[in-house]
Amino acid sequence: MGYPSGCMRTLDAIAGNSLRHFFYFPAFSILQVVEFRTRRQLAAFFILVCIVALFGFAAYRVVTTGATCEDRKQNQGEEGIDCGGPCVQCAIKQARPLKVFWARFVPTRDDRYDVVAEVTNSNTNVGAAAVEYEFRLLDGSGAVIVARRGNTFIYPRETVHLVEIGLEARERPARAVVDISSPRWVATAAIGPDVVAGNREYRVETSQDGSRSVVTAIISNRSVSDRRDIGVAALLLDGRGNVVGAHRTVMDILEAGTSLPVRLVWSHVISEPVASILIEARSPGTFPRDTP
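Going by numbering that gives the first Met the number 0, 70 is the number at position 71 of the sequence shown; the sequence numbering is gapless.
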């Protein structure tokens with residue numbers, strides 16, 4: 000069905016062009032024949048269409064992006080969901096958090112307190128090459144009286160005791176707490192170096208300066224490598240296993256196959272009877288050498 004010749008002439012007259020140009024440039028022709036307000040509405044509509052198309056394209060790219068280590072799928076050669084292969088090792092991703100069993104404070108003198116906490120790593124093939132912790136002494140309402148930060152390490156399947164000495168508090172605390180944060184996990188089955196404490200002895204020594212509690216021991220490096228930065232922690236326990244005293248020191252180096260004495264001296268005499276001594280000698284020497 001053809002168009003009436005009168006309509007065709009009218010269209011040519013309005014567009015200022017031939018019918019052929021009208022069909023080649025429809026958008027231009029329409030914008031010429033509509034009034035100004037309609038042209039503004041069309042312009043706004045075209046802009047909106049462009050924006051929607053842009054966002055649609057972006058969404059399409061996101062949806063169709065290749066596999067990642069956070070897509071909750073086992074793909075791209077992963078050994079588990081989002082772990083292994085090009086992603087973080089599964090042992091590290093699935094590592095159980097370190098567990099704090101208890102935290103205690105021990106009064107010394109002059110408003111100072113020593114603090115101790117027992118922490119366990121239950122993972123079999125993952126150790127923490129670096130661990131940050133914070134002790135806090137709290138009053139009866141839970142307000143912090145004093146806090147102190149420290150750092151340590153912990154091997155797979157290891158239980159350790161964190162010790163900080165000489166925290167000064169303006170009032171007697173009601174309890175002690177410790178928070179563990181930012182463990183730097185390393186996939187390893189290594190156990191700690193064969194460094195042990197023997198010949199443990201507790202006694203009270205008296206001199207012109209007064210009386211003090213003293214612990215002595217022999218630290219032996221039974222491994223085939225020299226060990227550096229050996230942390231030595233001593234806990235004094237009463238007959239019920241409660242901590243009544245705590246101390247710590249660091250040995251710079253202990254050569255392979257050698258032993259050295261260690262001596263820890265308190266500034267006072269432990270007020271409770273001491274039934275047993277626990278000494279931990281620990282070195283980070285068996286973590287993988289490429290650990291950052």
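Where is the CB? At the ideal position from N, CA and C, for every residue including glycine. Since the structure is predicted, the reported quantities are computational estimates derived from the model, not experimental observations.
To which residues of the same chain is residue i closer than 8 Å at the C-beta, ignoring the five residues directly before and after it?
i	result
asparagine 124	Ala90, Pro155, Ala186, Thr187, Ala188
proline 85	Cys68, Gln75, Gly76, Glu77
Please report the residue range of the beta strand (DSSP E) in which residue i lies.
i	result
alanine 129	125 to 137
isoleucine 276	275 to 281
glycine 165	158 to 167
Find the nearest neighbour of residue i within the set the options, judged by alpha-carbon distance.
i	options	result
alanine 233	Val223, Asn220, Arg227, Val249	Val249
valine 159	Gly165, Arg211, Asn120	Asn120
Could you check what DSSP says for residue i in three-state terms: helix, strand or coil?
i	result
isoleucine 144	strand
isoleucine 229	strand
leucine 97	coil
cysteine 86	coil
proline 287	coil
isoleucine 91	helix
isoleucine 190	coil
isoleucine 269	coil
valine 223	coil
So, for residue i: in the same chain, excluding its five sequence neighbours on each side, which residues have a beta-carbon less than 7 Å away from its beta-carbon?
i	result
aspartate 178	Tyr132, Glu133
valine 176	Ala102, Arg135, Leu137
glutamate 170	Asp138, Ile144
glycine 79	Gln73, Cys89
Does the distance from the CB of residue i to the CB of residue j come in under 7 Å?
i	j	result
serine 219	valine 195	yes
glycine 238	alanine 274	yes
glycine 165	arginine 211	no
leucine 263	valine 203	no
proline 182	serine 222	no
proline 283	isoleucine 217	no
Suppose the cutoff is 6 Å on Cβ atoms and the five residues either side in sequence are ignored; what does the same chain contact list for residue i look like?
i	result
arginine 247	Val162, Ala232
arginine 95	Ser121, Asn122
isoleucine 278	Ala196, Arg199, Ala216, Ala233
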